[in-house]
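To start, the structure itself, in structure tokens.
There are 2 protein chains.
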Amino acid sequence: MEKDLVIGIDVGGQTTKCGVVDARGNVIAQTVIRSDTHTDVAPFIDELAAALKRIIADANAEGRIRGIGAGAPNGNFYKGEIENAPNLTWGGTKKIPFAKMLSEAMDGIPVSLTNDANAAAMGEMTYGAARGMKNFIMITLGTGVGSGIVINGEIVYGHDGFAGELGHTCAVRNNGRHCNCGKSGCLEAYASAMGVARTAREWLEMSDEPSALRSLDKITSKDVYDAAKEGDKLAIRIFEYTGKILGQSFADFIEFSAPEAIVLFGGLARSKEFLTEPILKAMNENVLPLWRNKVKLVYSSLKESDAAILGASALAWEL
Amino acid sequence: MEKDLVIGIDVGGQTTKCGVVDARGNVIAQTVIRSDTHTDVAPFIDELAAALKRIIADANAEGRIRGIGAGAPNGNFYKGEIENAPNLTWGGTKKIPFAKMLSEAMDGIPVSLTNDANAAAMGEMTYGAARGMKNFIMITLGTGVGSGIVINGEIVYGHDGFAGELGHTCAVRNNGRHCNCGKSGCLEAYASAMGVARTAREWLEMSDEPSALRSLDKITSKDVYDAAKEGDKLAIRIFEYTGKILGQSFADFIEFSAPEAIVLFGGLARSKEFLTEPILKAMNENVLPLWRNKVKLVYSSLKESDAAILGASALAWEL
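Written out as structure tokens, the structure reads:
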């Protein structure tokens, strides 16, 4: 039987999404399981394999699966392992041979693993806003800041498979915010959903400026967005600041790999009406003249619900 | 006749070095001409072609030249042009079709062009300290700071051919030194030979600390090195500061492309006895834990006189 389908899996901290995908990028069957009900990986792999077999049956795809692609936090493409992923309940500091375990549980179907941001970049290149681009940088603005770098049409993995940690480049050199990674001043500490909420809390404390955000118990980046939409001046300035920090960093990224575009993806990227202008301003002010106003800033064009599955599935076609 | 030789050319602001190179990386004939006696490129190309024909005759290499590789400031690999090279007397803001002109003057021998730092990286990968490495970053510490980035065994050119301007990433975000590129706070403004001399002048003005450097009319980075060798405390601190700035930036570069090594090259790299320790300290303090103490810092192992020619010649083998 022709092996004309692949499976894409997006392993997140709370849930794992998986789907059967055809060559045109249609998700023809999908499901979601919880990622966080086990502290050991073995029962999770069992549940995942059972879920995959269900959607294979749903799609009438027995014998037609060419390969499985998975994106996961700290997934290592070279080794097929998940290493040091504290956000996964079964992750911790262990090295988990994820690709090998899943392939065995799936009767030998080959499994390719990468990190979630690289999977998103693959998806964007194959099906989304970066189609036809050979050089771009994908920045995922979610709870944290991730990145997938594409050079000459290929994901950059580097010497050890972990390249592309742009969320942990330095945005603020001195007295920067503490970051979850243990360092200070990382881009992620400012320009993630978490960072935006933190900016809001800090700024509310620093002045008595009126703002709709003051009435909230716990502020999320979504709250800041909603307030900005209502014209809240402080909320709008928070996005201006966030965009400036992003644009400054993007200028340095451009000087590294001279991409055709920076592609933004993830929850915080939905605030584009407030982010685009300050990002472009800071990016063009800080980049060498030869790239000024030349590098595009584009937003993911994939349906958010499919993007992660499609990205991971794109990896499987290369198996 | 077998085409078993190539020519490497290093175009610098003052001089242009060229050599006939065999497959083992032996420079079997070489010469140097002035680069700065013309304001128009045509007579320079004529002189260069005449010089090449002389060394081809010296090497008894008529009919054996497979190709010519040239490294030049702002040389663009994709277009074969030198664009906006103010350091070349015949450069200015024009676009010069260097590869095409030289090939025509050399009876159709193909010419490949790249920038000088990329040529150095090619040379280091083919003949030098980076032999066998597929992922490394070459940093040239000369009058300025240049860079050549190698990923998966290939020079990174990016979308437009100008990738790898790491000397113009931001080292000091606020109130940074003005850089020749028009921006402020660039790595080059601190960590080049020029930058070291500038640090010396600034620090001498800021205090009355005794230093051998005070007696000099015009301070060069070589003077700072000589003073440091004599135990001059201020001079040693200047290198500590320079190394710290470099190490901080290298940490961000590692987060981008996860190289096996950073390779240092150029005049200022000769001060390695004073630079290595502060670079490694700052690099390892500022990089994500997963790369701490894992990325090598190595120094060019090519004879300086041959390195530039060899680097450019490596490009010619790919023609």
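As given, the protein sequences belong to chains A and B, one line each in that order. Anchor point for the first sequence: position 51 equals 112 in the working numbering, and the numbering is continuous, going up by one each time. Anchor point for the second sequence: position 15 equals 76 in the working numbering, and the numbering is continuous, going up by one each time. For glycine and all other residues, C-beta sits at the position ideal for the given N, C-alpha and C. Keep in mind it's a predicted model, so treat the numbers as computed, not measured.
Does any CB atom of chain A fall closer than 8 angstroms to the CB of residue i?
| i | result |
| --- | --- |
| B:Leu-376 | no |
| B:Arg-234 | yes |
| B:Ala-319 | yes |
| B:Leu-174 | no |
| B:Pro-350 | yes |
| B:Val-324 | no |
| B:His-239 | no |
| B:Gly-243 | yes |
| B:Leu-227 | yes |
| B:Glu-142 | no |
| B:Cys-79 | no |
| B:Thr-230 | yes |
| B:Val-217 | yes |
| B:Asp-71 | no |
Whose CA, out of the options, lies closest to the CA of residue i?
| i | options | result |
| --- | --- | --- |
| A:Asp-293 | A:Tyr-188, A:Glu-316, A:Arg-275 and A:Ala-160 | A:Arg-275 |
| B:Val-211 | B:Asp-287, B:Phe-314, B:Lys-355 and B:Glu-144 | B:Phe-314 |
| B:Asn-137 | B:Val-257, B:Gly-209 and B:Glu-346 | B:Gly-209 |
| B:Lys-114 | B:Gly-141, B:Val-81, B:Pro-104 and B:Ala-146 | B:Val-81 |
| B:Gly-132 | B:Val-233, B:Asn-179 and B:Leu-358 | B:Asn-179 |
| A:Leu-265 | A:Lys-283, A:Ala-296, A:Glu-249 and A:Arg-238 | A:Ala-296 |
| A:Thr-154 | A:Ser-164, A:Asn-235, A:Met-162 and A:Ile-143 | A:Ile-143 |
| B:Lys-279 | B:Glu-249, B:Ser-268, B:Glu-263 and B:Asn-241 | B:Glu-263 |
| B:Pro-171 | B:Arg-238, B:Arg-127 and B:Tyr-251 | B:Arg-127 |
| B:Ser-332 | B:Glu-270, B:Gly-203 and B:Leu-351 | B:Gly-203 |
Helix, strand or coil: how does DSSP classify residue i here?
| i | result |
| --- | --- |
| B:Ser-253 | coil |
| B:Lys-199 | Note on identity: in this sequence residue 199 of chain B is Met, with Lys being the wrong assignment. Strand. |
| B:Asn-347 | helix |
| A:Asp-71 | strand |
| A:Asn-235 | coil |
| A:Arg-95 | strand |
| A:Ala-191 | coil |
| B:Arg-125 | coil |
| B:Asn-145 | strand |
| B:Ile-106 | helix |
| B:Asp-83 | strand |
| A:Gly-372 | helix |
| B:Ile-116 | helix |
| B:Thr-204 | coil |
| A:Ala-160 | helix |
| A:Ala-273 | helix |
| A:Glu-215 | strand |
| A:Gly-132 | strand |
| A:Leu-358 | strand |
| B:Leu-380 | coil |
| A:Ala-90 | strand |
| B:Lys-140 | coil |
| B:Leu-248 | coil |
| A:Leu-363 | coil |
| A:Lys-342 | helix |
| A:Thr-260 | helix |
| B:Gly-209 | strand |
| B:Ser-268 | coil |
| A:Gly-153 | strand |
Do we get a CB-CB distance below 8 angstroms when we pair residue i with the residues of chain B?
| i | result |
| --- | --- |
| A:Phe-223 | yes |
| A:Ala-220 | A small correction: the amino acid at residue 220 of chain A is His; Ala does not occupy that position in the sequence shown. Closer than 8 angstroms: yes. |
| A:Ile-200 | no |
| A:Asn-145 | yes |
| A:Gln-309 | yes |
| A:Leu-177 | Residue 177 of chain A is actually Asp in this sequence, not Leu. Not one chain B Cβ lies under 8 angstroms of A:Asp-177. |
| A:Asp-119 | no |
| A:Glu-108 | no |
| A:Ile-212 | yes |
| A:Glu-185 | no |
One question on the structure: do residue i and residue j come within less than 8 angstroms of each other, judged by their Cβ atoms?
| i | j | result |
| --- | --- | --- |
| A:Ala-261 | A:Ile-299 | yes |
| B:Val-348 | B:Glu-316 | yes |
| A:Gly-228 | A:Gly-205 | yes |
| B:Ala-90 | B:Ala-111 | no |
| B:Ala-369 | B:Asp-101 | no |
| A:Gly-372 | A:Gly-69 | yes |
| A:Ser-361 | A:Ala-190 | yes |
| A:Asp-168 | A:Arg-125 | no |
| A:Gly-130 | A:Ala-343 | no |
| B:Leu-329 | B:Ser-253 | yes |
| A:Gly-237 | A:Gly-246 | yes |
Start-end ranges of the alpha helix (DSSP H) lying completely within the stretch 294 to 336 of chain B, minimum 4 residues: 294 to 318
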